[in-house]
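**Q**
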Amino acid sequence: RTLSDDDNMDKEWESFTRHFDKVHSDFIIGLKDKHPTVTGNEVKLCAYLRMNLSTKEIAQLMNISVRGVEISRYRLRKKLLIPSEMNLFDYLITIQSKN
């Protein structure tokens with residue numbers, strides 16, 4: 118990847134978050150409020166998971182392997198302290214801003 122590729126990805130992500138926030142109002146704010154240690158890539162993963170995208174679709178959007186998405190999902194579950202009996206998607210749809 119080149120710097121211009123990274124710049125384009127950043128612009129695409131900014132555009133995505135604006136549109137995503139219109140549909141899922143305050144999800145990203147709520148996620149960061151509830152879990153202040155989440156990284157930018159973890160926020161992206163959460164947004165894609167909340168949209169109920171497949172692992173393969175997420176891999177293409179994040180430019181990583183399917184296995185990379187699976188590992189990221191596993192690490193995210195641990196970081197957010199989500200119990201194994203709870204579905205990650207079900208957890209993410211409960212998150213919203215306190216406003």
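Under this note's numbering, the first residue of the sequence shown carries the number 118, and numbering increases by one thereafter.
Backbone N, C-alpha and C fix where the C-beta goes; we use that ideal spot for every residue, glycine too.
(1) Hey, Q213 and D150: beta-carbon distance below 7 angstroms or not?
(2) DSSP state of A131, grouped into three classes?
(3) Report the rounded CA-to-CA distance for S182 versus P200, giving the unit in angstroms.
(4) Would you mind working out which of R167, N180 and V160 sits nearest Y208, comparing C-alpha positions?
(5) Between which two residues does the alpha helix (DSSP H) containing T172 stretch?
(6) Starting from V155, trace the alpha helix (DSSP H) both ways and give me its first and last residue.
**A** By the coordinates alone:
(1) As a working note, residue 213 is residue 96 in the sequence shown. As a working note, residue 150 is residue 33 in the sequence shown. In this structure, the beta-carbon distance from Q213 to D150 does not fall below 7 angstroms.
(2) Translated into positions along the sequence shown, residue 131 becomes position 14. In the sequence under discussion, the amino acid at residue 131 is Glu, which differs from the Ala named in the question. Three-state DSSP puts E131 in a helix.
(3) If you number the sequence shown from 1, residue 182 lands on position 65. If you number the sequence shown from 1, residue 200 lands on position 83. Looking at the two C-alpha atoms, the distance is approximately 25 angstroms.
(4) Position 91 of the sequence shown, counting from 1, holds the residue named residue 208. Checked all of R167, N180 and V160; the closest Cα to Y208 is R167.
(5) Start at 1 with the first residue of the sequence shown, and residue 172 comes out as number 55. Start and end: T172 to M179.
(6) Sequence index remark: in the sequence shown, residue 155 carries index 38 (1-based). No alpha helix (DSSP H) contains V155, which DSSP labels as neither H nor E.
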